[in-house]
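Q: Just dropping this structure here.
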Amino acid sequence: MSTTYGAPTGLDLSACSVTATGGTTSQTLADLGKAVGDNATAVATANTNASTANTTAQAAQSDATAAKNAVANLGNTYVPVSSVGAAGGVVQIETDGSVVIPSNSANNNAPYINFGYGSNVIGAGNSAIINYNGSSASAKDYLNWINPDGSKSFGRYLDGTVLTGRSSGSLNIGVAAQPVNTVYAQNATVVTSDATTKTIAGRLTDTAYADGQKLIAALATVKPTVYQLNTSIAEKGAANARYHVGYIAQDIEAAITAAGLDPSKFALWTKTAIFTVTQNEDKTFT
């Protein structure tokens, strides 16, 4: 079919000219139909894109909510950097493999390690604390092994062959206020007798050594004594506490002093302060 001046021929209207806005610009019905089809496709595409954008927005909102909750739970889920190596936080392993336990002023500056706590004890009644407590006032540091339930069957052993101090003569076992109870030894105690480690002051058999003669005379006046330990009496009762035979420190002191000598210059006698260590409810010691 053909058109003449835009007139229809044989009912073919595709070549007819129309104006979509009523203006002077015209277009054929074929072009107008194509434009309408293109617009419909664009609208469908826009709807699809809008739906996709809505889904993406919902996902973004869900992610934002999850992120908000994660931030809100940060203290329960994650470890803040400020808590690493700090009291009330977590222990930090240093680059050399060492671990430093910080002191807590609320705990009297007494850091401690507790193996087993509450219901998570190491075996029934075998919870133990290693407590290192330093006091700047007295310049005394001591290490305590404590069995909180007070049981006496909690044993410890050293897997080694030698127990020694950092330098010669630096290690003592027990103190006057808190002596060890019993020392079981397979061999007798060996006291250093090497002459190169001593400065000889005199010999007791030498009458020219005046202090030696005074010391012999003083010690001859000290009598052996039969006694019971007060700690044994408190634990077992006077009827069951065992009797011991030995010398009394105050008797040795009095005899040496009476002889005109200073007892503190002789290792036959020593004097140290008596003290007790008390564990408080907050695990500190006084």
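Those letters in the sequence shown? Residues 1 to 286, by the UniProt record's numbering. Think of the CB as a built atom: it goes at the ideal place given N, C-alpha and C, for glycine as much as any other residue. Because the structure is a prediction, the values reported are computed rather than measured.
Can you tell me the Cβ-Cβ gap for G89 and S83, rounded? I've got them flagged as a contact below 8 angstroms.
A: The C-beta separation of G89 from S83 comes to about 3 angstroms, placing the pair in contact by the 8 angstroms criterion.
Q: Does I256 pass the burial test, meaning 16 or more other C-beta atoms within 10 Å, or should it be called exposed?
A: By the 10 Å Cβ count, I256 comes out buried.
Q: Sort A72, Q92, D282, V71 by Cα distance to V81 and report the nearest one.
A: Q92
Q: Taking only three categories from DSSP, how would you classify Y227?
A: It is a strand residue.
Q: For A259, collect the residues of the same chain with a Cβ closer than 8 angstroms to its Cβ; drop the 5 residues on either side in sequence, then sort them by chain order.
A: K214, L215, A217, A218
Q: Leaving out the 5 sequence neighbours to the left and right, which residues in its chain are closer than 6 angstroms to T278 when beta-carbon positions are compared?
A: T286
Q: Name the DSSP beta bridge partners of Y243, please?
A: Q228
Q: Within this structure, are the beta carbons of T225 and I248 separated by less than 7 angstroms?
A: yes
Q: Since A272 and A177 should fall inside the 8 angstroms C-beta cutoff, what is the C-beta to C-beta distance between them, to a whole number of angstroms?
A: Reading off the sequence shown, one finds Thr at residue 272, where the question assumed Ala. Going by Cβ atoms, the distance from T272 to A177 rounds to 7 angstroms, so yes, they are a contact pair.
Q: For residue 330 and A254, I'd like the C-alpha separation in whole angstroms.
A: Residue numbering for the chain in the displayed model covers 1 to 286; residue 330 lies beyond these limits and cannot be assessed.
Q: Looking only at its chain, what residues have a beta carbon closer than 8 angstroms to the beta carbon of V162, apart from the 5 residues adjacent to it on each side?
A: none
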